[in-house]
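Counting in my numbering, the final residue of the sequence shown is number 176, and the numbers go up one at a time with none missing. Yeah, the Cβ is synthetic: ideal placement off N, Cα and C, and Gly gets one too. Predicted model, so just to flag it, every value in this text is computed and none were measured.
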Amino acid sequence: MYNSLGRYILMAIFLLVALVCVYFVQYELAAVAGFLFLFVIWSHYKHSSVLMASKYFKNNEFGKARLMLAEVPKPERLSKSRRGYYEFMQGSIALKDEDWDKAEYHFQVASRFAVGGKTQKGYVLIHLANLALRKKDKERAEAYTKLAKELADTERSKDIIVKIEKEISKL
């Protein structure tokens, strides 16, 4: 759970340790340090700062979450377990900024990945249904609502779905 700067510092330390170990003919320790260096590089691309961003996101510190998400070098390289959270947080932040097209894009991508459990996946679909309502796209709103209804298992999500269905009927 490091940001990019922390990982770069760790990489430099492990590389330096590996070089010192090679200089002192301690090849086994150099190999361990080299392995740790490669592990930090791997984690930089597969996990990045998504975990730290989620911590800030849960605490409603959206500015800090946005900064952590901006550190992700290539979102398409994130592991499947991290990519869904990344896209969900990006979509939610775009909703807060009232950038509806960007939010829809990120929620569309998040719907293809694991976001947690059924409840979180349901909320992704609820957001997509709301965005479709905003665009007055009745068919897509109904489709997303139907899928969200299958995943809804909390009272809050069921209430939101009922409200969305009422709005759809007004279209």
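(1) Tell me the start and end of each unbroken alpha helix (DSSP H) in the segment 24-104 that is at least 4 residues and wholly inside, in chain order.
(2) Can you name, in chain order, every residue of its own chain whose Cβ lies under 7 Å from the Cβ of residue 90, other than the five neighbours on each side?
(3) To the nearest angstrom, report how far apart residue 42 and residue 23 are at their CA atoms.
(4) With DSSP collapsed to three states, give me the class of residue 106.
(5) For the segment 60-72 against the segment 25-32, do three or more pairs of beta-carbon atoms, one drawn from each stretch, fall closer than 8 Å, so that the two count as touching?
(6) Within the continuous alpha helix (DSSP H) that includes residue 175, where are the two ends?
(7) Which two residues bound the contiguous alpha helix (DSSP H) that contains residue 205?
(8) Closer than 7 Å by C-beta to residue 101: which residues in its own chain qualify, once you throw out the five before and the five after it? Chain order, please.
(9) For the putative contact between residue 153 and residue 137, defined by C-beta atoms under 8 Å, what is the C-beta separation to the nearest angstrom?
(10) Take residue 72 as the anchor and find which of 8, 171, 147 and 151 has the nearest alpha-carbon.
(11) What's the call for residue 82, buried or exposed, on a 16-neighbour Cβ count within 10 Å?
(12) In terms of alpha-carbon separation, which member of 17, 87 and 169 lies closest to residue 142?
(13) Report the CB separation of residue 37 from residue 15 in whole angstroms; it is logged as a contact under 8 Å.
(14) Would residue 125 and residue 111 qualify as a contact pair, given that the criterion is a beta-carbon distance under 9 Å?
(15) Based on Cα-Cα distance, which residue from 129, 57, 69 and 145 lies nearest to residue 92?
(16) Excluding the five sequence neighbours on either side, which residues of its own chain have a C-beta within less than 6 Å of the C-beta of residue 34, listed in chain order?
So, from the listed chains and residues:
(1) 32-51, 55-63, 67-75 and 85-101
(2) Here residue 90 corresponds to residue number 85 of the sequence shown, with the count starting at 1. Counting only Cβ-Cβ distances below 7 Å, and skipping sequence neighbours, we find 55, 59 and 120.
(3) Numbered from its first residue, the sequence shown carries residue 42 at position 37. Numbered from its first residue, the sequence shown carries residue 23 at position 18. Cα-Cα distance, rounded: 9 Å.
(4) Here residue 106 corresponds to residue number 101 of the sequence shown, with the count starting at 1. Here residue 106 sits in helix by DSSP.
(5) no
(6) As a first step, residue 175 is located in the sequence shown; it is residue number 170 there, counting from the start. 160-175 is the span of the alpha helix (DSSP H), which, as asked, contains residue 175.
(7) The structure shown does not extend to residue 205, since the chain is modelled only from 6 through 176, so no value can be given for it.
(8) Locating residue 101 in the sequence shown gives position 96, counting from the first residue. Correct list, in chain order: 67.
(9) Counting from 1 along the sequence shown, the entry for residue 153 is found at position 148. Counting from 1 along the sequence shown, the entry for residue 137 is found at position 132. Actually they are not in contact, since the Cβ atoms of residue 153 and residue 137 sit about 11 Å apart, beyond 8 Å.
(10) For this step, residue 72 is matched to residue 67 along the sequence shown. Measuring from the Cα of residue 72, the nearest candidate turns out to be 8.
(11) On the sequence shown, residue 82 is found 77 positions in, with the first residue counted as 1. Residue 82 should be labelled exposed.
(12) Taking the sequence shown and counting its residues from 1, the one referred to as residue 142 is at position 137. Checked all of 17, 87 and 169; the closest Cα to residue 142 is 169.
(13) One-based indexing of the sequence shown puts residue 37 at position 32. One-based indexing of the sequence shown puts residue 15 at position 10. Actually they do not touch by this definition, with Cβ atoms about 14 Å apart.
(14) Looking up residue 125 in the sequence shown gives position 120. Looking up residue 111 in the sequence shown gives position 106. No. Outside cutoff.
(15) Counted from its first residue, the sequence shown places residue 92 at position 87. Minimum Cα distance to residue 92 is reached at 129.
(16) Working through the sequence shown from its first residue, we reach residue 34 at position 29. Closer than 6 Å at the Cβ level, and outside the excluded window around residue 34, lie 26.
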